[in-house]
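In this text, residue positions in the sequence shown follow the numbering used here: the first is 209, and each later residue adds one. No residue lacks a Cβ here, since even glycine has one placed at the ideal position from N, Cα and C.
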Amino acid sequence: MTPGRRSSTFTRLLRHGFTDASAAERLLDSPELAAVRDDPVLLEALGATADPDLALHGLVRLLEAQPGPTAHRELLDTLIAAKPLRDRLLGVLGASAALADHLARHPRDWEALVTYEPRDLHPGVAEFERGLAEAGDPVGLRVAYRRCLLSIAARDVCGTTDVAETAAELADLATATLRAALALAERAAPEDAAACRLAVIAMGKCGGHELNYVSDVDVIFVGEAAAGADEAKALRSATKLASHMMRICSETTVEGSIWPVDANLRPEGRNGPLVRTLSSHLAYYQRWAKTWEFQALLKARPVAGDRELGQEYIDALEPLVWKAAERENFVADVQQMRRRVVENIPVAEVDRELKLGPGGLRDVEFAVQLLQLVHGRADATIRSGTTLVALQALAAGGYVGRADATQLDDAYRFLRSMEHRIQLYRLRRTHLVPEDQADLRRLGRSLGLRTDPETELIREWKRHTGVVRRLHEKLFYRPLLDAVAQLGPAEARLSPKAARERLEALGYADPAAALRHLEALASGVTRKAAIQRTLLPVLLGWFADSADPDAGLLNFRKVSDALGKTPWYLRLLRDEGAAAENLARVLSAGRLAPDLLMRAPEAVALLGDGDGVREGGSPGGGLEPREHAQLEREILAAVGRADNAEDGVRAARGVRRRELFRTAAADIVDSYGTETNPALADQGALVDRVGGAVSDLTAATLAGTLRAVVRWGSPRSSEAESGGGWGDTLPTRFAIIAMGRFGGHELGYGSDADVLFVHEPRDGVAEREAADAANKVVSEMRRLLQIPSADPPLLIDADLRPEGKSGPLVRTLKSYEAYYRRWSLVWESQALLRAEPVAGDEELGRSFIDLIDPLRYPAEGLGEDAVREIRRLKARMESERLPRGADPKLHTKLGPGGLSDVEWTVQLLQLRHGWAEPGLRTTRTREALAAACAAGLLGAEEASILDEAWVLATRVRNAVMLVRGRAGDTFPPESRELAAVGRYLGYGDGHVGDMLDAYRRTARRARVVVEELFYGA
């Protein structure tokens, strides 16, 4: 061969798609191909395959394996002369190394591809049974199975059959194989065969007539006694036959295995008997079956054994399948199962998982099956076990939009084609997209992508998975809008009854009301209605993911009605990715946040992505809490623009309401998580953020209220010369000291503001005048902050002052000093641990702190008498203050391991060691706990247990306020509210019991630590 010729052939091979042209040249020069080496027909045919190198190598091996020159010449002559054989044989050799191996072992099996009759194009079970008929043992069955598989693969890779037809043929071949295997088992044990009736029910993809090349074949066995036989003996015989049949298919021999037969979908799974009677099956499904087991029965189909018994099984269980949607938590169970499947995929594989990953085949199958179970109760036309047939029927019935169904059909076919070709290469069970470039190239070319196979394949794969992900949720909700929007008769749509059924199945308690809301929002031809029709399918899904979908939809309608004419509202939801989902979470999470929003709906702009001011003056977005200094500047500026004290405080309360909404919304969004951002894992950070934000907001509100009252006084005041106020200077210096959870930066949504008031007369001002002014300020502040209005009140609680409710509301610094020096009790020193100035005269606030520091951090710590007194007070509080009828183990404040236990334990450590440990001199519980641990006053494990309990109890209190709209220290009794608390805490539907158990367990562990550290047990 001349170098020039070699170069020409080499180039030609590259042009025909060979990647290793040198090796291909050597193979073409082999004796086996000498007669046809230069035949352009052969080269063109090889170049048309998925992997020309693989096809050529397989062809040479097949020729080498021919039993003699005559057979060799016959194959070559037929290959060149008969295009159907050429395309089929080379197509298989270029797509499947495993089938090339089979042909090399059984070199005459290529003849199975020669026949090209019409009946050969679409064989069924009968044709496959004939193809397997000569198999007399398991090894022979494997060879015959591969021969039949060879013809299926040939039709597939040549495009004679599409992916759905190929899957159906594979299921028919599996049916014929199960029958042949059962016949072998019966032939081996005729006495067992005579004693029983055994039916094999195909499940999964085999039952659905949509099998893969390599897949477990899921089955269920039903057995009955033959006439006159003992039932127990008959079931033993049936079990032996079933087990033998499974081994025939599953065991590996010199010819490999066929596929595993999996009977784990049977009642009780692998823990249950392999074979049951029909009555036993029925009893199980009537009493014990879970939702997923009814979903699995959608694909049940009798395929082998006693046909009559198999049909009796289907007839008996089918009515139960179509009642499954009436089960409590039905849709939640199905969706949770889907999420669990995704969560169990190894992290390294999730992006390559074709079947189970997000946007994969299972998403389409789950969506279709869920819709079938919901609507198949009343519509028998959608009761197909085959995914694509069912999808087509759902579209014809108006249960899925036609455009959506078409896109899903295309995506499903493409993904199944990928799955088939991946498995066909080695005939191995896998659903992972390969990473090797050669594998990707072969896979892309097998799907007709020839220009840049690897790049085109990845692009198409991602496009189709994106379509599935986008439509997966939309499938459920879009037709609901079509049912109420009345846009025209172009396509079938859900009937009112079907729409109500779907809403009910998705967790809506009042479907009729939900449909009215949808109609009000989405009907008509206005631009606003069109945008709503775009938004609502997704919003409905997010509402359904909450504990109260009805409330979410109702609240959305209210907000939309209030802002319907505002130009930026719907644009915000449509264009800013976070806003719509954030709004859905907030509106369906409970009462507090929606109530705050309804009082000023324009605050919905906070849910957007931005942080500035929008066009047209609408408020900017962003859920990050604002700094205390920012809040105080805004509130003081608003007060400064007011004309009187009431207007000033009204402005301050308006800012407070808006910022409370911002804080609650951020808390809900981060607790629920979104599609792009999972729920925040650090529960302590969530608690600290809420406590800090609400405490800073309360402090800023008090500062603004104080400014308003000092400037304008009370409208009922008699100081005519000042217009009722004092201008900018009060006759006495005045400071507000935060106490309790307020001082600890740990306020919840429903907390009162615990405070002390201190004043100091200015030079030249009589003490009586100063005291009168201070008392008037306090009285007016309390009144203005509680005036009924659209904004939530802020209650000021001064009961921690000296002498409690019997003592004066305001004292001078000297009066505090005299009281604490002479009368102070140990509990007051404990209460002062939380004292922190928050508003008013800063110097006076610092002087107050200097005054009380020796009390709360006593030199050398507390004496034993004081320690005993604190322990006595705590024990008394536990026995006397717990509300009657409350479950102590679930009371977050006073119950064992609750807030009181942890806080008193930490505060006792502060009182005893704060004088020596500077880190303990903080008003914040978690900071003090961490400092005590760092100082070695308790172990790291003990500190962690107390911290976890305190954080959880605080989260529960916040959740109760968010859900119920009013404060509470224990879990709500009403089931929907309890579920909403669970959802906030990260527990899905049906896991309320787990939430309560987790709380009890956490509190119990904390109480053990408290007994040791606080009580000295």
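Where residue i sits in the DSSP three-state scheme
{"i": "glutamate 476", "result": "coil"}
{"i": "isoleucine 360", "result": "helix"}
{"i": "arginine 495", "result": "helix"}
{"i": "alanine 850", "result": "coil"}
{"i": "cysteine 404", "result": "strand"}
{"i": "proline 969", "result": "strand"}
{"i": "alanine 1006", "result": "coil"}
{"i": "phenylalanine 429", "result": "strand"}
{"i": "threonine 190", "result": "There is simply no residue 190 to check, as the chain begins at 209 and stops at 1225 in what is shown."}
{"i": "arginine 395", "result": "helix"}
{"i": "threonine 774", "result": "coil"}
{"i": "proline 833", "result": "coil"}
{"i": "threonine 1020", "result": "strand"}
{"i": "valine 371", "result": "helix"}
{"i": "isoleucine 843", "result": "helix"}
{"i": "proline 1045", "result": "strand"}
{"i": "isoleucine 995", "result": "coil"}
{"i": "arginine 484", "result": "strand"}
{"i": "aspartate 559", "result": "coil"}
{"i": "proline 1181", "result": "coil"}
{"i": "histidine 314", "result": "coil"}
{"i": "arginine 1129", "result": "coil"}
{"i": "threonine 461", "result": "strand"}
{"i": "alanine 787", "result": "helix"}
Exposed unless 16 or more other CB atoms sit within 10 angstroms - verdict on residue i
{"i": "threonine 1130", "result": "buried"}
{"i": "serine 1108", "result": "buried"}
{"i": "valine 347", "result": "exposed"}
{"i": "tyrosine 353", "result": "buried"}
{"i": "arginine 793", "result": "buried"}
{"i": "tyrosine 1223", "result": "exposed"}
{"i": "isoleucine 995", "result": "exposed"}
{"i": "glutamate 927", "result": "Reliability fails at glutamate 927, whose pLDDT of 44 lies under 50, so the model's placement of it is uncertain and the value that follows must be treated cautiously. Exposed."}
{"i": "glycine 951", "result": "buried"}
{"i": "proline 315", "result": "buried"}
{"i": "valine 555", "result": "exposed"}
Nearest to residue i (by Cα), restricted to the options the options
{"i": "glycine 1190", "options": "Pro1180, Met1203, Pro1181, Asp514", "result": "Met1203"}
{"i": "glycine 656", "options": "Leu747, Thr257, Gly339", "result": "Thr257"}
{"i": "leucine 264", "options": "Ala290, Val300, Pro292", "result": "Val300"}
{"i": "glycine 862", "options": "Ala873, Ile876, Val847, Ala872", "result": "Val847"}
{"i": "leucine 653", "options": "Ala1140, Arg1209, Gly225, Ile1153", "result": "In the sequence under discussion, the amino acid at residue 653 is arginine, which differs from the leucine named in the question. Per the Cα distances, Gly225."}
{"i": "proline 398", "options": "Ser445, Cys366, Asp364", "result": "Ser445"}
{"i": "histidine 672", "options": "Ala713, Arg629, Asp617", "result": "Asp617"}
{"i": "glutamate 1025", "options": "Val555, Asp1058, Arg338, Ala242", "result": "Asp1058"}
Heavy atom of the ligand FAD within 8 angstroms of residue i beta-carbon
{"i": "alanine 433", "result": "Of the ligands one can find in the structure shown there are none, so the ligand FAD has no counterpart to examine."}
Distance CB(residue i)-CB(residue j) smaller than 9 angstroms
{"i": "leucine 648", "j": "proline 661", "result": "yes"}
{"i": "alanine 471", "j": "alanine 450", "result": "yes"}
{"i": "phenylalanine 336", "j": "aspartate 380", "result": "yes"}
{"i": "leucine 1127", "j": "alanine 1142", "result": "Looking at the sequence shown, residue 1127 is not leucine but glycine. A contact, by the Cβ cut-off of 9 angstroms."}
{"i": "arginine 313", "j": "glutamate 463", "result": "yes"}
{"i": "alanine 808", "j": "alanine 860", "result": "no"}
{"i": "glycine 1053", "j": "leucine 914", "result": "no"}
{"i": "leucine 805", "j": "valine 767", "result": "yes"}
{"i": "leucine 815", "j": "serine 304", "result": "no"}
{"i": "alanine 873", "j": "leucine 831", "result": "yes"}
{"i": "alanine 598", "j": "valine 511", "result": "no"}
{"i": "alanine 1094", "j": "threonine 1178", "result": "yes"}
{"i": "glutamate 501", "j": "proline 475", "result": "yes"}
Whole-Å CB distance - residue i paired with residue j, under 8 angstroms assumed
{"i": "threonine 940", "j": "alanine 978", "result": "4 angstroms"}
{"i": "glycine 416", "j": "threonine 595", "result": "7 angstroms"}
{"i": "isoleucine 590", "j": "glutamine 580", "result": "5 angstroms"}
{"i": "valine 608", "j": "leucine 505", "result": "Not confirmed; about 22 angstroms, so no contact."}
{"i": "threonine 374", "j": "isoleucine 466", "result": "That belief does not hold up - the Cβ atoms of threonine 374 and isoleucine 466 are roughly 18 angstroms apart, past 8 angstroms."}
Within-9 angstroms CB hit, residue i to chain D
{"i": "aspartate 317", "result": "No chain D appears in this structure, which consists of one protein chain only."}
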